[in-house]
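In UniProt numbering, the protein residues as written are 1 to 896. Every residue gets a Cβ at the ideal spot worked out from N, C-alpha and C, and that includes glycine.
Below is the structure:
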């Protein structure tokens, strides 16, 4: 009796159905993953393949190990159920029943037949494990593949609220599959030990269909829920090609609970995605109607690089009215490639006690080293939150098989009776099952108040100790209040309170703490407070402004941040769990105060800064010492002070700063930013209205180049309230035309047949513009004009120009505070257009070349003929004529 694919379902007669093994959760951030209870089984037994809560008089969990060896004779890896007790207060449930199934159970219908039928079987435990009843509805006379011989009854299983058993058998009728249902009482009544085939009164099952329905695998998974509005629970099961080797997408059918006829079907997006592998039903939006969740763990998405990636997906169908389910978007899609997101879905109940049911979704092969992940999602009025509130990570590395953490999930039961439901996670690859208990949630309300919100530096209303004396300071009042409430919390709650002044989240220049607490003279207040549940606690203190010479930033607001956390050293609640703050509560509160400025009643400064620059030297020379002085006059002609007023001087590459020429009160610092050298001179904080400052700056110019005609400095007067760009370099703006002249028509131009005399290819003209500046953004607009004339293509000599005017305007300068006036300019480029042949080598047609060669050959032939006629080619041989040869013969012979 091998139980390789085990399914466990439990049923409580009064309370009703334990939610199915697969259901998604959303806001379950309060599961205590730091202190889980880990159950271990025999190595290699697949302990944790299925998990279940069991709540008779004492709480326990039931864990399936389908490959465990037992004491049965001649049975190897028969599988077992393991019950682990959990210490908890007594549960007042009617003794429940539990069902364990062995879908690969086989039997022979005839003694001499070697073939056995994989019908599957299930066992119901009643009377608190004192009695067991077998239920094998596929063990019938309809054997072999064409009947129920390959049924695998119990491959999936569940209970309805009124006590009916629901089984899935995906192998019946050539794998058309079927769903079978019968009342628990009738199953018990029909059971007789030793009888292999039994008739159960009132049993319902889907019928065999036409051959076109083969390989539908109906019953691969099952779930129950009320979808028809008649208070009769319907059954949900996938069908229509659930597996990837067939060529259509899967469907999930909702079957009538009274006769198992199909009422409505929902089709998956993608073939081979295993749409319907996992199912779950629960009311996630708290509208009183059951919603449906469908897992497709092998769903494939296209990544950013256009590659296909198997991520998995879970579909959420919200019931809007009977048999009207709306697909909620966006879908819950996995993020771990090959992680099989959606392999298991578990309804968790209301984990965070916000009135909406939550869901857990597993990704058993995801995470670091494929250790597995379980995502917790919260329900809300519109369905399921898009992002998980908690991700539980598997803690075991892979061995011979992957850990498969999350392959089985079970929730929606309060095992420790602390008022919050718990979660069991199975990891059969490492023979583990893990219980995560839900921690009580604290909902807080906090406030932070500062009064007055304007700190007047001139009003010294407090005293602060400094050495052996006290000094007057400007201070304001600060107070905070805290209240806490929630379900199943201890009477008193301990909090850590921190109040930070000039918090780092809001940076000001220099990052100097401008305000301190009066009692400690520190920018951080830390206190431990105890709050009675449901009551409000307040505390008061004072903060003061430091001396103005200790900081520079007087314009930025002084931000105060209150951070509230639970004291982790406080005693646990009665169930041994530490409460946790609701992550949706505002536990960080911010307020701000302003420093009163010298800017009138509205505290708004409107300075008007002016800058004039004079050069002491008009010319510099190569090889000279080249010491020069820039004298400037800075004024504030506005109605308010200019805070953090500075003179900003950008140095050219040729120059070095050597010192201040006049005005000993002026201080300047040499700095560099992004390879740009500049001076920053302090003009006052504030530079008060009517201020008039004359000063001089000395420079040397040791790196002159004969290629440069001028030395350009950029000066800017700036403050936190305004910036006036008085003297600035005109940005070098160069332009060129390539080519510098255009000839029309172009070489080898022919009049095309269908283009009304236009050339096949117009000559390309490039106008190149170059702007050199320290600006980090600018734009160029190029209006094109032809002097209001069209280019003529007649052969009379006429010249036109292609004229482009480019204008630039700088949109942003590399300064924290932008100047009022930004550089701009324009440049014109003119390209002459000449109707003439270009100044290139004359072109000779090929036919003329061939004709010239033929004429040359003809002329050569005539010349040869004339020379021949004149006897030019009649020349004597080496021994004279024939007569002379005859006279020479005797002599030649005698000589021989």
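Notebook entry, point to check: Which one of 102, 130, 132 and 664 has the shortest CA to CA distance from residue 139?
Noted result: Residue 139 sits at position 139 when you count from the first residue of the chain shown. When only C-alpha atoms are compared, the closest one is 102.
Note to self: Please classify residue 30 as buried or exposed, where buried requires at least 16 other C-beta atoms within 10 Å of its C-beta.
What the structure shows: Along the chain shown, read from residue 1 onward, the residue named residue 30 stands at position 30. Within a 10 Å sphere around the beta-carbon of residue 30 sit 16 or more other beta-carbons, which makes this residue buried.
Notebook entry, point to check: In chain order, which continuous runs of the beta strand (DSSP E) of length 3 or greater are located wholly inside the region 338-365?
Noted result: Unbroken beta strand (DSSP E) stretches of 3 residues or longer found wholly inside the region 338-365: 345-349 and 358-363, given in chain order.
Next item on the list: Using only alpha-carbon positions, find the residue among 119, 266, 309 and 675 that is nearest to residue 298.
Entry: Indexing the chain shown from 1 puts residue 298 at position 298. Checked all of 119, 266, 309 and 675; the closest Cα to residue 298 is 309.
Check: Counting pairs of Cβ atoms below 8 Å between the region 645-655 and the region 699-716, do you hit three or more?
Finding: Yes: the two stretches touch, three or more of their Cβ pairs being nearer than 8 Å.
Checklist line | Exposed unless 16 or more other CB atoms sit within 10 angstroms - verdict on residue 538 | finding: Residue mapping note: residue 538 aligns to position 538 of the chain shown, counting from 1. By the neighbour-count rule (16 or more Cβ atoms within 10 Å), residue 538 is not buried but exposed.
Margin query: Relative to the C-alpha of residue 440, which candidate in 396, 487 and 291 has its C-alpha closest?
Written below: The residue given as residue 440 occupies position 440 in the chain shown. Of the candidates 396, 487 and 291, the residue whose Cα lies closest to the Cα of residue 440 is 487.
Next item on the list: In the DSSP assignment, find the beta strand (DSSP E) that holds residue 694 and state where it starts and stops.
Entry: Translated into positions along the chain shown, residue 694 becomes position 694. Per DSSP, residue 694 belongs to the beta strand (DSSP E) from 692-700.
Next item on the list: Answer yes or no: do residue 564 and residue 517 have a C-beta to C-beta separation smaller than 8 Å?
Entry: Counted from its first residue, the chain shown places residue 564 at position 564. Counted from its first residue, the chain shown places residue 517 at position 517. The answer is no: Cβ separation not under 8 Å.
Item checked: Assumed close pair residue 345, residue 411 - CB separation to whole angstroms, cut-off 8 Å -> The sequence position of residue 345 within the chain shown is 345, counting from 1. The sequence position of residue 411 within the chain shown is 411, counting from 1. Residue 345 to residue 411, Cβ: 10 Å. No contact.
Note to self: Check whether the region 314-323 and the region 331-343 touch, using three or more Cβ-Cβ pairs below 8 Å as the test.
What the structure shows: The count of Cβ pairs closer than 8 Å, one atom from the region 314-323 and one from the region 331-343, reaches three, so the stretches are in contact.
Notebook entry, point to check: Which same chain residues, not among the five before or five after residue 246, have their C-beta less than 8 Å away from its C-beta?
Noted result: Mapped onto the chain shown, residue 246 falls at position 246. Residue placement at residue 246 is poorly supported in this model, since its pLDDT is 49, which falls under 50; the coordinates are not used for a value here.
Notebook entry, point to check: Is residue 758 helix, strand or coil when you go by DSSP?
Noted result: As a first step, residue 758 is located in the chain shown; it is residue number 758 there, counting from the start. The predicted position of residue 758 is uncertain, since its pLDDT is 47 and thus under 50; a value taken from the coordinates is nonetheless stated next. Coil, per DSSP.
Note to self: Using only the alpha-carbon positions, how far apart do residue 655 and residue 703 sit?
What the structure shows: Taking the first residue of the chain shown as position 1, residue 655 is located at position 655. Taking the first residue of the chain shown as position 1, residue 703 is located at position 703. Between residue 655 and residue 703, the C-alpha separation is close to 7 Å.
Check: What did DSSP end up calling residue 765 once you bin it into helix, strand or coil?
Finding: Within the chain shown, the letter at position 765 stands for residue 765. It is coil, neither helix nor strand.
Check: What residue from 263, 202 and 320 has the CA that sits closest to residue 251's CA?
Finding: Translated into the one-based positions of the chain shown, residue 251 becomes position 251. Minimum Cα distance to residue 251 is reached at 263.
Note to self: Given this structure, state the Cα-to-Cα distance separating residue 627 from residue 672, to the nearest angstrom.
What the structure shows: Taking the chain shown and counting its residues from 1, the one referred to as residue 627 is at position 627. Taking the chain shown and counting its residues from 1, the one referred to as residue 672 is at position 672. In this structure, the CA atom of residue 627 is about 22 Å from the CA atom of residue 672.
Next item on the list: Determine, using beta carbons only, whether residue 60 and residue 54 come nearer to each other than 8 Å.
Entry: In the chain shown, residue 60 corresponds to position 60, counting from 1. In the chain shown, residue 54 corresponds to position 54, counting from 1. Yes, Cβ-Cβ distance for residue 60 and residue 54 is below 8 Å.
Notebook entry, point to check: Based on the DSSP output, what are the partners of residue 275 in its beta bridges?
Noted result: For the purposes of this step, residue 275 is identified with residue 275 of the chain shown, where counting begins at 1. Bridge partners of residue 275: none, in fact.
Notebook entry, point to check: Can you tell me whether DSSP reads residue 243 as helix, strand or coil?
Noted result: Looking up residue 243 in the chain shown gives position 243. Only weak support exists for where residue 243 lies, its pLDDT of 45 falling under 50; the coordinates are left without a value.
Checklist line | Collapsed DSSP secondary structure at residue 488 in the structure displayed | finding: Against the chain shown, residue 488 aligns to sequence position 488. Three-state result, residue 488: coil.
Checklist line | Terminal residues of the beta strand (DSSP E) in which residue 329 lies | finding: Walking along the chain shown from the start, residue 329 turns up at place 329. From DSSP, the beta strand (DSSP E) with residue 329 extends over 324-333.
Notebook entry, point to check: Nearest to residue 540 by alpha carbon, out of 481, 867 and 572?
Noted result: Residue 540 sits at position 540 when you count from the first residue of the chain shown. Nearest of 481, 867 and 572 to residue 540, Cα basis: 481.
Next item on the list: Within 10 angstroms of the Cβ of residue 34, are there 16 or more other Cβ atoms? Answer buried if so, exposed if not.
Entry: In the chain shown, the residue the question calls residue 34 occupies position 34. Residue 34 counts as exposed, since fewer than 16 other C-beta atoms from the protein chains shown sit within 10 angstroms of its C-beta.
Check: Alpha carbon to alpha carbon, how far is residue 683 from residue 695?
Finding: Residue mapping note: residue 683 aligns to position 683 of the chain shown, counting from 1. Residue mapping note: residue 695 aligns to position 695 of the chain shown, counting from 1. If you draw a straight line from the Cα of residue 683 to the Cα of residue 695, it is about 10 Å long.
Check: Going by other Cβ atoms of all chains shown within 10 Å of its Cβ, with 16 needed for buried, is residue 561 buried or exposed?
Finding: Position 561 of the chain shown, counting from 1, holds the residue named residue 561. Label assigned to residue 561: buried.
Next item on the list: Spatial neighbours of residue 670 within its chain, please: CB distance less than 7 Å, with the 5 preceding and 5 following residues excluded, ordered by chain position.
Entry: In the chain shown, counting from the first residue as 1, residue 670 sits at position 670. Counting only Cβ-Cβ distances below 7 Å, and skipping sequence neighbours, we find 657 and 679.
Note to self: Going by C-alpha to C-alpha distance, which of 501, 830, 275 and 458 sits closest to residue 219?
What the structure shows: In the chain shown, residue 219 corresponds to position 219, counting from 1. Put simply, of 501, 830, 275 and 458 the residue whose alpha carbon is nearest the alpha carbon of residue 219 is 275.
Next item on the list: Would you mind sorting residue 526 into buried or exposed? The rule is 16 or more other CB atoms within 10 Å of its CB.
Entry: Position 526 of the chain shown holds residue 526. So residue 526 ends up on the exposed side.
Margin query: What does the alpha-carbon distance come out to for the pair residue 43 and residue 66?
Written below: For this step, residue 43 is matched to residue 43 along the chain shown. For this step, residue 66 is matched to residue 66 along the chain shown. Taking the straight line joining both Cα atoms gives about 12 Å.
Margin query: Can you check which of these residues, 137, 267, 183 and 549, is closest to residue 327 by C-alpha distance?
Written below: In the chain shown, residue 327 corresponds to position 327, counting from 1. The candidate whose alpha carbon is nearest that of residue 327 is 267.
Margin query: Out of 866, 414 and 429, which one is the CA nearest neighbour of residue 86?
Written below: Indexing the chain shown from 1 puts residue 86 at position 86. Of 866, 414 and 429, the smallest CA-CA separation from residue 86 is found for 414.
Item checked: Whole beta strand (DSSP E) elements within the region 428-458, 3-residue minimum -> As for any beta strand (DSSP E) of minimum length 3 sitting wholly inside the region 428-458, the runs are 432-436 and 441-451, ordered along the chain.
Check: What is the residue span of the beta strand (DSSP E) that residue 797 lies within?
Finding: As a first step, residue 797 must be located in the chain shown, where it is residue number 797. Counting along the chain, residue 797 sits inside no beta strand (DSSP E), nor does DSSP assign it H or E at all.
Next item on the list: Compare the Cα-Cα distances from residue 478 to each of 448, 692 and 484 and report the closest residue.
Entry: For the purposes of this step, residue 478 is taken as residue 478 along the chain shown, with counting starting at 1. When each option's Cα is compared against that of residue 478, the closest is 448.
Notebook entry, point to check: Closest to residue 196 by CA distance: which of 108, 574, 557 and 359 is it?
Noted result: Looking up residue 196 in the chain shown gives position 196. The residue with the shortest Cα to Cα distance from residue 196 is 108.
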